[in-house]
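> Residue numbers (this note's numbering): 456 to 743.
Even for Gly, the Cβ is constructed at its ideal location relative to N, Cα and C.
Shown below is the structure under consideration.
Structural data, given as structure tokens:
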């Protein structure tokens, strides 16, 4: 949890144009009773991870806070004793420096024929993912997987430095951090942001996955979706010569979001308007 939270907080800033060498962090621990040895052990491991990954990413913690008594002891409707504790939760906030506001980058696709890249590797890291949580709710069980994302801070930092350089050179049209929901959600929101279609080919994505749903919904850390103008392809790829990347498709004006699976066959072909409806459905439902 700590490693992924730190990586995500840093990645979100870099994709907007922040300098990886000028980022600081703030923590907020929301935990339950430290009198429970197991919970105290979890806290110790989370704090240790904060130190380790802040050091590896060279991003100091400049402040923080905690709430350590998130427990309730009382009685249920039958008068039986009950104790409820929140899940241990760590919030990482990040603050970064941007020298030139004109070199910031948004997440929306810009032009038809722009090339779509994914930076970073995708692995079968589905544990506690939005996808597995959805499946567990649908099936009425608590099975949310075991393989949670691991963070390779050294590799990810090198990738973020390369992305920052590409942004500074004006090569990047859009950049979207891949986080909750995985690559499929990042690609879809990039398309929706610009209301432009996409043709995506999953077989080109770097990593170690064997199923379409793993590629689309794994929440592996250290990944970014980027679009660039074709004229910048050679220069852009030269910057990432020592980092994992792949051109996985292109932006189009068809107003359709199309994905070909690992077998090369079309697995998703849906109008953007249908994606818009799905995107808005939850918030509209909550407002009723």
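Within 10 angstroms of its Cβ, does residue 523 collect 16 or more other Cβ (buried), or is it exposed?
Burial call: exposed.
> Please report the distance separating the alpha-carbon of residue 706 from that of residue 568.
Using only the alpha carbons, I get a separation of about 5 Å.
> Once DSSP output is grouped into helix, strand and coil, what is the label at residue 720?
Reduced to three states, the DSSP call for residue 720 is coil.
> Quick one: give me the first and last residue of the alpha helix (DSSP H) that residue 613 is part of.
First-last of the alpha helix (DSSP H) with residue 613: 608–623.
> Using the rule of at least 16 other Cβ atoms within 10 Å of the residue's Cβ for burial, across every protein chain shown, is residue 673 buried or exposed?
Flag for residue 673 reads buried.
> Decide if residue 743 is buried, meaning its Cβ has at least 16 other Cβ atoms within 10 Å, or exposed.
The predicted position of residue 743 is uncertain, since its pLDDT is 42 and thus under 50; no value can be drawn from it.
> Put residue 668 into one of helix, strand or coil per three-state DSSP.
Helix at residue 668.
> Got a sec? Which residues, its chain only, sit under 6 Å from residue 521 by beta carbon, not counting five neighbours each side?
484.
> Consult DSSP for residue 462 and reduce its assignment to one of helix, strand or coil.
Helix at residue 462.
> For residue 611 versus residue 677, is the C-beta spacing smaller than 7 Å?
A contact, by the Cβ cut-off of 7 Å.
> To the nearest angstrom, how far is the alpha carbon of residue 715 from that of residue 599?
Between residue 715 and residue 599, the C-alpha separation is close to 26 Å.
> Does the Cβ of residue 589 have 16 or more other Cβ atoms within 10 Å, making it buried, or fewer, making it exposed?
Classification for residue 589: exposed.
> Whole-angstrom Cβ separation of residue 603 and residue 683, contact assumed at under 8 Å?
Actually they do not touch by this definition, with Cβ atoms about 31 Å apart.
> Quick one: grab the DSSP three-state call for residue 653.
Three-state result, residue 653: strand.
> Taking residue 578 as the reference, which of 487, 463, 552, 605 has the closest Cα?
Taking only the C-alpha atoms, the option nearest residue 578 is 605.
> Residue 472 and residue 622: beta carbons closer than 7 Å?
A contact, by the Cβ cut-off of 7 Å.
> Residue 574 and residue 700: beta carbons closer than 7 Å?
It is a contact, given that the beta carbons lie within the stated cut-off.
> Let me know if residue 493 comes out buried or exposed under the rule of 16 or more other beta-carbons within 10 Å of its beta-carbon.
The residue is exposed, with fewer than 16 neighbouring Cβ atoms inside 10 Å.
> Pull up the distance between the alpha-carbon of residue 641 and that of residue 680, whole angstroms please.
Answer to the nearest angstrom: the Cα atoms are 7 Å apart.
> Which residue wins for smallest C-alpha separation from residue 660, given the options 541, 542, 638?
Comparing Cα positions, the closest option is 638.
> In three-state terms, what does DSSP make of residue 475?
In this structure, residue 475 counts as helix in the three-state DSSP scheme.
> What are the uninterrupted segments assigned as beta strand (DSSP E) that are 3 or more residues long and contained completely in the stretch 550–617, given in chain order?
Listed in chain order, the complete beta strand (DSSP E) runs (minimum 3 residues) inside the stretch 550–617 are 570–574.
> Whole angstroms is fine: what's the gap from residue 597's alpha carbon to residue 587's?
Answer to the nearest angstrom: the Cα atoms are 9 Å apart.
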